[in-house]
Amino acid sequence: MQGRRDYLLLVSLPGAIQTKETRVLARNLNRLLTMKRTLFLIAAFILISSGFSFQQPAKDDTNARVKAVFLYSFTKYIEWPDNYQEGNFVITVYGGSASLITELKNITSTKTLGTQKFEIKSASSIDAIGKTHILVIPQESTYKINEILARIKGKSTLLVTEKSGMAKQGSAINFVVVDNKQKFELNKSNAERYNLKVSSNLSSLAIAVE
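Just so you know, the sequence shown maps onto residues 119 to 328 in the numbering used here.
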């Protein structure tokens, strides 16, 4: 790994002799490093899904970091319809949660989903919720679940909540803590209602709710 980094540094120096072969090799090495970072995040997602210890109460930034990894990884296991596969891939956090927004921006800043760049938004009101691929509703805002469901009706939005019982009240994915371990519930029917295709790999990692 160090050798690759040294080589990339060498060919990027001003005045370095860059042949076609060295440029191709540099691009390939960059792709490899990017792929390794992506695989690391997905591996982390699988790790925390299968029993990563999650102590409560934990620091807010730690909670946010774990959930941000989950949210980013969900995008690899869910397929949105064609009209949602153009423009930016939008993740909206309702009601603030600055730490989660920060962590999401950190994780997605250099990444794409296919050709789509990630865009992280905050919505302070129901009316501020626009077209979005993922909508995250913090626990303190779930009392507005019916208004939120009405807002996203007919849209292909993955609704993610973090309060017990929400997967039976309309959300597709609901964060839960079981035996001090971060888990997530999946209501596949709710996801399909919004024209979202859920991978069987994601289903196997989730707590199924109907």
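Every residue, glycine too, gets a C-beta built ideally from N, C-alpha and C.
For N313, tell me which candidate among G288, L276, S191 has the shortest Cα-Cα distance.
L276
Taking the alpha helix (DSSP H) that K306 belongs to, which residues open and close that run?
306 to 311
Which class does Q300 belong to by DSSP, given the choice of helix, strand or coil?
strand
Beta-carbon proximity list for T321, same chain, < 8 Å, skipping 5 on both sides:
Before going on, a small fix: residue 321 reads as Ser here, not Thr. So the qualifying residues of the chain are L304, K306.
Where the beta strand (DSSP E) through I225 begins and ends
Note, I225: premise wrong, no beta strand (DSSP E); alpha helix (DSSP H) at 216 to 226.
Return the CA-CA distance between S282 and K235, expressed in angstroms with no decimal places.
32 Å
Can you give me the Cβ contacts of T226 inside the same chain, cut-off strictly under 7 Å, excluding the 5 residues immediately before and after it?
Y190, F236, I238
Once DSSP output is grouped into helix, strand and coil, what is the label at T193?
helix
Identify, in the order they occur along the chain, each residue of the same chain with its Cβ nearer than 7 Å to the Cβ of E280, setting aside the five sequence neighbours on each side.
P256, Q257, N292, F293
Enclosing alpha helix (DSSP H) for S243 [first to last residue]:
Segment: none, S243 is in no alpha helix (DSSP H) and carries neither H nor E.
Spell out the partners DSSP gives K239 in its beta bridges.
T210
Are there three or more Cβ pairs, one per stretch, closer than 8 Å when the segment 195 to 215 is compared with the segment 244 to 256?
yes
Our contact map puts I219 next to K315 with C-beta atoms below 8 Å; I'd like the distance itself, whole angstroms only.
Not quite, the Cβ-Cβ distance comes to about 27 Å (not below 8 Å), so this is no contact.
Can you name the residues that DSSP bridges to V187?
DSSP, once it has assigned bridges, lists no residue as partnering V187.
Leaving out five residues on either side along the sequence, give the residues of the same chain with a beta carbon under 8 Å from the beta carbon of E310.
V316
I244 vs I263 beta-carbon contact at 8 Å:
no
For A290, three-class secondary structure by DSSP
coil
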